[in-house]
Amino acid sequence: MLRNALEPWHLLIVAIVILVLFGSKKLPEAARGVGRSMRILKSEAKAMREEDADRPASAPEAGGTGSVEGAGGGGGIGGGAAR
Numbered sequence: 409m410l411r412n413a414l415e416p417w418h419l420l421i422v423a424i425v426i427l428v429l430f431g432s433k434k435l436p437e438a439a440r441g442v443g444r445s446m447r448i449l450k451s452e453a454k455a456m457r458e459e460d461a462d463r464p465a466s467a468p469e470a471g472g473t474g475s476v477e478g479a480g481g482g483g484g485i486g487g488g489a490a491r
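Per the working numbering, numbering of the sequence shown is gapless, rising by one per residue and ending at 491.
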């Protein structure tokens, strides 16, 4: 039943329906808004990744153990030797 669900002429019909519903004046404004939203989302995701990358570097200071991860001294998450 749904073997050929998405063919090129289906996309053409969807594009025509969207054009008729929203009009040619509203579509560029909507595209501009989507573009701005995507840029904001991308910058926020990048900021979160940078924040996560900075967090492990400051974690030993806040932990209070004074040991360096991977130095064999720990029982914390991801630290120490296998038991």
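Even for Gly, the Cβ is constructed at its ideal location relative to N, Cα and C. These numbers come from a predicted model, not from an experiment.
Practice task
Compare the beta carbon distance of Leu419 and Leu427 with 8 angstroms and say whether it is the shorter of the two.
Solution key: no
Exercise for the section: Assuming Phe430 and Ala439 form a contact by the criterion Cβ under 8 angstroms, report the distance between their Cβ atoms to the nearest whole angstrom. Expected result: 11 angstroms between Cβ atoms; not a contact.
Problem - Three-state class that DSSP yields for Ala396 in the structure shown - result: With the chain represented from 409 up to 491, any question about residue 396 goes unanswered, as that position is not in the structure.
Problem - Contacting residues, own chain, Cβ-Cβ under 6 angstroms from Leu449 (five flanking each side not counted) - result: There are no such residues.
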